[in-house]
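Here the structure is laid out as C-alpha cells; the discussion comes afterwards.
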Amino acid sequence: MSPNNAGTQTLKPVMCLRPPNDIMFEESFWDELAGAGIKEIALQWLCLLDEPSNKDEGNIYPQPEDGHPRGLTAMGGERVKRVPTAAFDPTPEYYEGLSWQPPTMPAHLASQSERVSDALDIAKSKGFTIYVVDDKGYFLHGGFGSGKLDTTRRSPSFTDPEMPAMTVARARDTAKHFPQVTGLLLDGPDFKWEIKPGHRDDLWVEQIDTPENRDFASREGFDFQNVLDGREHFKDFLHGFNPDFARKFAANAPGALASHDWWRDHPKFTEWYSFKQAAVEWSVSSSYRGVKEHLPHVQVGNSSRLPFAEPLTGHNTVRKQAFIDFQQPKQYWWSGGVAGFRGTIVNWVDTLVDWNPGIDHELASELFGAVFDYPLAASYPVSDYDGEATDEWFSTAVRDQTAKMISNSSGVDRYMPWVGLEHFGSNWLTPSELDRLLGEMQSQGATRYCYFIYNSMAPQIWDVIRKYSQGTN
3 MSPNNAGTQT LKPVMCLRPP NDIMFEESFW DELAGAGIKE IALQWLCLLD EPSNKDEGNI
63 YPQPEDGHPR GLTAMGGERV KRVPTAAFDP TPEYYEGLSW QPPTMPAHLA SQSERVSDAL
123 DIAKSKGFTI YVVDDKGYFL HGGFGSGKLD TTRRSPSFTD PEMPAMTVAR ARDTAKHFPQ
183 VTGLLLDGPD FKWEIKPGHR DDLWVEQIDT PENRDFASRE GFDFQNVLDG REHFKDFLHG
243 FNPDFARKFA ANAPGALASH DWWRDHPKFT EWYSFKQAAV EWSVSSSYRG VKEHLPHVQV
303 GNSSRLPFAE PLTGHNTVRK QAFIDFQQPK QYWWSGGVAG FRGTIVNWVD TLVDWNPGID
363 HELASELFGA VFDYPLAASY PVSDYDGEAT DEWFSTAVRD QTAKMISNSS GVDRYMPWVG
423 LEHFGSNWLT PSELDRLLGE MQSQGATRYC YFIYNSMAPQ IWDVIRKYSQ GTN
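Each residue of the sequence shown is one higher than the last, beginning at 3 in my numbering.
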C-alpha cells in the first residue's frame, strides 16, 4: 500500500522533551499535546539545570538547534548557560556493591525537582504515559536518571557488568522519586557502522580492544584476537573490489552484509560478528530483566539502527523480541551529519570509490544496494542524497526498511521507531519528507513513533505531526 492510499488509523508520536524543564510547567503545554491527540512523552534528559560555578562550565539552553518558542520563553527569551545535574538524591541501598557513585542533587535545587514532579502530576491527570530515556547506561551529562558519573578514573563500557546494574539502580531510583514514570527507553548500545575514515561512527576508530571487552569475551568463550582480526579482515575485504569482482559479488551474494546468516557463517568474520551480537544482547537483556525484577509494570524499549546496518552494530531485532517490550529502530534519514542514513550511504559509496581504483560512484552505489539489500531509486541516485528526496525513494528504500523493521519487531504493536529530522549540524529533513515518511509508516499499519524532539519543532513540522496524530490526512 502506498502513502497515497494510507489507512485512516492515527499515527501518534511519543513526544521527546529535553530541558529547560520550564517548558512543562504550564498546563497549556499539556493541553496543546492532548489537543493534537498526543498522550505519551519521553523525557530525554531527566535532569535539573544549575547555575555554572565558572565560565567554562555548563551548556547553552535551549540548545542551539532548539528553537521552539516555548523553550525560549521559559528561559526569559534568551539562551543561558546552565549545568545539568541530578533531579533527585540517590537512594543508597540501590547502589550497594557498585563502584560507580551516583550523582547527587544540590540542595538548593530541591524546589526545582518538586516542580518537575508537579508537572508530571499534571500530565498523569490528563492521561499521559511518561517514559525516560537512558543513554546507553552511561549517565553522562543529562542522561537518564540525570546528573553525571565521575569518568576520570574509569571509562563507561556496556560490557562492564556494572553498567546494566547501574541502569537498573537508576531506573528504580527514578521510579521512586518520579512514580509518574512507567516506561524506559534504552538508547542502544551499538557498535559502529561507518567506514568513512575518521568519522565519529567509523567502526575502525571505535575503541574495541578494551579490558572490559576482553573480559567479556573471556567470560563468553570468544577468542578476542579473532574478534580483532575479523574487524581488520573486513577492511581488507572492502579494499578488494575491482569492477569485475564488485559485479560478481553483488550478483552471487545479494543482501550478504545485511544478513545475520552470512556474517555468522563467514569464517573470517564470525567471531567478530558473534562477539558484537553477544555483547549487545547481554547488555540489553541484563538491563531489561533487572528492571522487570524490581519494576514489572515499567515498559522497556530498545533502539537500533536501520535493518540493513543491524549486523554491523551488533543488534538482531528478531532475537531481541525475547527480552524487550517493544523495538525502537531509528528512522533517521537525514544526510550530511552524524547517524543519518542517507549520509551514511553517501559515506559508504564515496569510501568504496576511494578505496577501489576502477570503481565509480554508479557501480559503488549498485554494490551497496545489492549487498545491503537496499533498493535504489532511479529518480534519486545516491549522489543526490543531500537534496530533497523523490516520491520513488519513499516507495522503495523507506518502504523496504520500514517493512523489515515492523517484521523484525513482531508486528506494529511492538514497533515504536525513533523519528528525527537532524543531528549535529546535518541537513534537516523537510516538512514534505517528514510527511511522506509518516505516510509510509502509517500505510504499513504503524500507530506510534518516538519523535525527536518537541523543542526544535518548527510550525510546519507541527502541522505534519498533527495531521497524522489527529487522523486528518
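All residues carry an ideal CB built from backbone N, CA and C; glycine is no exception.
All of these numbers come straight from a predicted model, not from anything done at the bench.
Top-ranked residue by Cα proximity to residue i, from the options
{"i": "ILE467", "options": "ILE40, ASN23, ASP24", "result": "ILE40"}
{"i": "CYS49", "options": "PRO22, HIS70, GLN182, ASP68", "result": "PRO22"}
{"i": "ALA341", "options": "ASP203, LYS469, PRO313", "result": "ASP203"}
{"i": "PRO71", "options": "LEU45, MET26, ASP91, PRO86", "result": "MET26"}
{"i": "ILE326", "options": "PHE374, MET77, VAL302", "result": "VAL302"}
{"i": "TYR470", "options": "THR87, PHE370, GLY447, TYR97", "result": "GLY447"}
{"i": "LYS194", "options": "VAL183, ILE408, VAL207", "result": "VAL207"}
{"i": "PHE90", "options": "LEU205, TRP357, TRP102, ALA109", "result": "ALA109"}
{"i": "LEU2", "options": "PRO245, GLY185, ASP386", "result": "Residue 2 lies beyond the range of the chain shown here (3 to 475); nothing can be said about it."}
{"i": "ILE124", "options": "GLN444, ASN56, LEU35", "result": "LEU35"}
{"i": "LEU100", "options": "TRP32, ALA405, PRO163, TRP335", "result": "PRO163"}
{"i": "GLY338", "options": "PRO331, GLN330, ASP352, GLN329", "result": "ASP352"}
{"i": "GLU283", "options": "LEU230, THR272, GLU222", "result": "GLU222"}
{"i": "LEU187", "options": "GLN330, SER458, LEU74, GLU273", "result": "GLN330"}
{"i": "VAL373", "options": "THR184, GLY78, ALA248", "result": "ALA248"}
{"i": "LEU440", "options": "TYR387, SER458, GLN472, GLY37", "result": "GLN472"}
{"i": "ILE43", "options": "LYS83, THR184, LEU230, PRO64", "result": "THR184"}
{"i": "VAL170", "options": "ASP192, ARG156, VAL134, ASN228", "result": "VAL134"}
Residue i classed as buried or exposed, judged by whether at least 16 other C-beta atoms fall within 10 angstroms
{"i": "THR93", "result": "exposed"}
{"i": "ILE361", "result": "buried"}
{"i": "ARG344", "result": "buried"}
{"i": "GLU442", "result": "buried"}
{"i": "ARG20", "result": "buried"}
{"i": "GLY190", "result": "buried"}
{"i": "ASP225", "result": "exposed"}
{"i": "THR106", "result": "exposed"}
{"i": "SER220", "result": "exposed"}
{"i": "GLN46", "result": "buried"}
{"i": "PRO199", "result": "exposed"}
{"i": "ARG172", "result": "buried"}
{"i": "GLU95", "result": "exposed"}
{"i": "GLU59", "result": "exposed"}
{"i": "ALA460", "result": "exposed"}
{"i": "GLY389", "result": "exposed"}
{"i": "SER159", "result": "buried"}
{"i": "SER306", "result": "buried"}
{"i": "TYR140", "result": "For TYR140, the predicted structure reports a pLDDT of 45, less than 50, and the residue's modelled location is therefore unreliable. The matter cannot be settled from this model."}
{"i": "HIS241", "result": "exposed"}
{"i": "SER55", "result": "exposed"}
{"i": "THR319", "result": "buried"}
{"i": "GLU196", "result": "buried"}
{"i": "THR154", "result": "exposed"}
{"i": "ASN6", "result": "Only weak support exists for where ASN6 lies, its pLDDT of 42 falling under 50; the value from the coordinates is given anyway. By the 10 Å Cβ count, ASN6 comes out exposed."}
{"i": "ASP401", "result": "One detail in the question is off: residue 401 reads as Arg in this sequence, not Asp. ARG401 should be labelled buried."}
Extent of the continuous beta strand (DSSP E) run through residue i
{"i": "LYS406", "result": "No beta strand (DSSP E) contains LYS406, which is instead part of the alpha helix (DSSP H) from 401-410."}
{"i": "GLN301", "result": "301-306"}
{"i": "ASN23", "result": "No beta strand (DSSP E) holds ASN23; DSSP gives it neither H nor E."}
{"i": "TRP420", "result": "420-422"}
{"i": "PHE454", "result": "450-454"}
{"i": "LYS83", "result": "82-87"}
{"i": "LEU19", "result": "14-19"}
Run of the alpha helix (DSSP H) containing residue i, from where it starts to where it stops
{"i": "ASP136", "result": "From DSSP, ASP136 is part of no alpha helix (DSSP H) but of the beta strand (DSSP E) over 131-136."}
{"i": "PHE328", "result": "Segment 328-334 is the beta strand (DSSP E) holding PHE328; no alpha helix (DSSP H) there."}
{"i": "LEU259", "result": "It is not in any alpha helix (DSSP H) - LEU259 carries neither H nor E in the DSSP assignment."}
{"i": "SER434", "result": "433-445"}
{"i": "TRP464", "result": "461-471"}
{"i": "GLY292", "result": "272-296"}
{"i": "SER385", "result": "Careful: SER385 lies outside any alpha helix (DSSP H) and carries neither H nor E."}
{"i": "SER119", "result": "112-127"}
{"i": "LEU1", "result": "Look at the range of the chain in this structure, 3 to 475, and you will see that residue 1 is not part of it."}
{"i": "THR10", "result": "Note, THR10: premise wrong, no alpha helix (DSSP H); not H, not E."}
{"i": "LYS322", "result": "319-322"}
{"i": "GLU312", "result": "312-315"}
{"i": "ARG416", "result": "Segment: none, ARG416 is in no alpha helix (DSSP H) and carries neither H nor E."}
{"i": "ASP356", "result": "343-357"}
Distance cut-off 7 Å: residue i Cβ against heavy atoms of the ligand MN
{"i": "ILE124", "result": "You won't find the ligand MN in this model; it holds no ligand whatsoever."}
So, does the region 381-395 touch the region 269-281, judging by three or more C-beta pairs under 8 Å? Output reads no: the region 269-281 does not touch the region 381-395.
Complete runs of the alpha helix (DSSP H) confined to the region 170-254 [at least 4 residues]: Within the region 170-254, the complete alpha helix (DSSP H) runs of at least 4 residues are 213-222, 226-240, 245-254.
Pick out the complete beta strand (DSSP E) segments inside the region 46-74, 3 residues or longer, and give them in chain order. Runs found: 50-52, 61-63.
Stretch-stretch touch, CB-based, cutoff 8 Å, three pairs: the region 307-316 with the region 253-268: Put simply, the region 307-316 touches the region 253-268. At least three CB pairs are less than 8 Å apart.
So, do the region 179-186 and the region 234-249 have three or more beta carbon pairs nearer to each other than 8 Å? No: fewer than three Cβ pairs fall under 8 Å.
Quick check: the region 110-125 against the region 283-290, are at least 3 beta-carbon pairs closer than 8 Å? Using a Cβ-Cβ distance cut-off of 8 Å, the region 283-290 and the region 110-125 are not in contact, since fewer than three pairs of beta carbons, one from each stretch, lie closer than that value.
Examine the Cβ distances between the region 452-467 and the region 10-20 and report whether three or more of them are shorter than 8 Å. The region 452-467 is in contact with the region 10-20.
Between the region 448-464 and the region 363-373, can you find at least three pairs of beta-carbon atoms closer than 8 Å? In short, these stretches do not touch, since the Cβ pair count stays below three.
Segment contact flag, the region 291-299 with the region 412-424, C-beta cutoff 8 Å, min 3 pairs: No, they do not touch.
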